[in-house]
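In the working numbering, the protein residues as written are 312 to 598.
Glycine included, C-beta positions come from ideal geometry on N, C-alpha and C.
Keep in mind it's a predicted model, so treat the numbers as computed, not measured.
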């Protein structure tokens, strides 16, 4: 099972949303990290064949996904960023509807839906209309429909957007539990969503792939790029203009700053043992 992306390019008028994007995926969880506008949703739309590419190739086990057509879509589970529902439908009716669109036999669909309603904690509301669901419940329905048909490729576009911390953790843990035997791509700008579950993390900026590595490799790459130092309040504005400040915090009654970059002040101390993926994000993707 392999997904290869070669020189993938997409333009919207004069805007280059994806610029020569190339990467190869094998089974595992891949976090795609980038700010809004980095090209994450465009990439997801291209991979799900909902958008025409301008240049490049998308290959599933060596064959172009456009030529594979229906055979590729049977391998695909897509959770879009937007919650588009027939809100008069119940959760169970909606899942049977999606299963029908995917061509899943009724008996198999019934078994899968029963399992998915259970593992997403939606069994008790299966007969309620989705128009009355909370944001977290709707996200769980979207995730359940993406998993119908046991897809080999799972595309998750901002799966925890707009959720409270408890729901985000719940969705994140569920994604981790169902993703190990398939290729799972999780696109987000929320660092904590991918820090604990991703095997590899891709860094995207302005349509380009800046880098890729395990969380440990990325943390190591910025180990000497982060310092903390005390900063009097009256000097804070000047420091923020000169350096990339990741955090301003209080320590023993003093104001401190966390600075990320190649050009660091002489004062302060490195925090190699406390570098976070947020520091990675700011170093590579911050302005």
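- With a cutoff of 8 Å on beta-carbon distance, residue 533 and residue 492 are scored as not near each other.
- Below 8 Å, too few C-beta pairs join the segment 525-545 and the segment 373-392 to call them touching: fewer than three.
- Out of 458, 446 and 467, the CA that lies nearest to the CA of residue 477 is found in 446.
- Inter-segment contact for the segment 516-524 and the segment 567-585 is absent: fewer than three beta-carbon pairs are separated by less than 8 Å.
- Distance from the Cα of residue 538 is smallest, within the candidate group 579, 594 and 544, for 579.
- For residue 446, there is no enclosing beta strand (DSSP E); the enclosing alpha helix (DSSP H) covers residues 446-458.
- When 434, 458 and 371 are compared, the shortest CA-CA separation from residue 413 is found for 458.
- Per DSSP, residue 505 is one residue of the alpha helix (DSSP H) stretching across 502-506.
- Per DSSP, residue 594 is one residue of the alpha helix (DSSP H) stretching across 588-596.
- DSSP links residue 580 through a beta bridge to 539.
- In terms of Cα proximity to residue 496, the closest of 340, 321, 380 and 402 is 340.
- DSSP links residue 519 through a beta bridge to 516.
- Here DSSP, grouped into helix, strand and coil, assigns residue 415 to coil.
- Closest option to residue 453, judged by alpha-carbon separation, among 326, 389 and 313: 389.
- By the beta-carbon neighbour count (other beta carbons within 10 angstroms, threshold 16), residue 564 is exposed.
- Per the Cβ contact rule, the segment 436-446 is in contact with the segment 396-403 (3 or more Cβ pairs under 8 Å).
- Between residue 427 and residue 455, the alpha-carbon positions lie close to 6 Å from each other.
- About 39 Å separates the CB atoms of residue 367 and residue 404; that is not less than 8 Å, and the two are not in contact.
- In this structure residue 336 is in contact with residue 494, their Cβ atoms being roughly 5 Å apart against a cut-off of 8 Å.
- Rounded to the nearest angstrom, the gap between the Cα atoms of residue 343 and residue 502 is 10 Å.
- In this structure, the alpha-carbon of residue 328 lies about 21 Å from that of residue 593.
- With 16 or more neighbouring CB atoms inside 10 Å of its own CB, residue 355 falls in the buried class.
- Taking each of 460, 425, 435 and 423 in turn and checking the Cα distance to residue 385, the smallest one comes out for 460.
- Residue state for residue 331 is assigned as strand, using DSSP reduced to three classes.
- Assigned with DSSP and collapsed to three states, residue 407 falls in helix.
- Put simply, of 463, 506, 585 and 552 the residue whose alpha carbon is nearest the alpha carbon of residue 359 is 463.
- Here residue 585 carries a helix assignment [DSSP, helix/strand/coil].
- Judged by their CB atoms, residue 387 and residue 369 are not nearer to each other than the 8 Å cut-off.
- Here the alpha carbon of residue 545 sits roughly 27 Å from the alpha carbon of residue 585.
- In terms of Cβ geometry, residue 487 and residue 465 do not form a close pair [threshold 8 Å].
- For residue 551, the enclosing alpha helix (DSSP H) has its first and last residue at 544-553.
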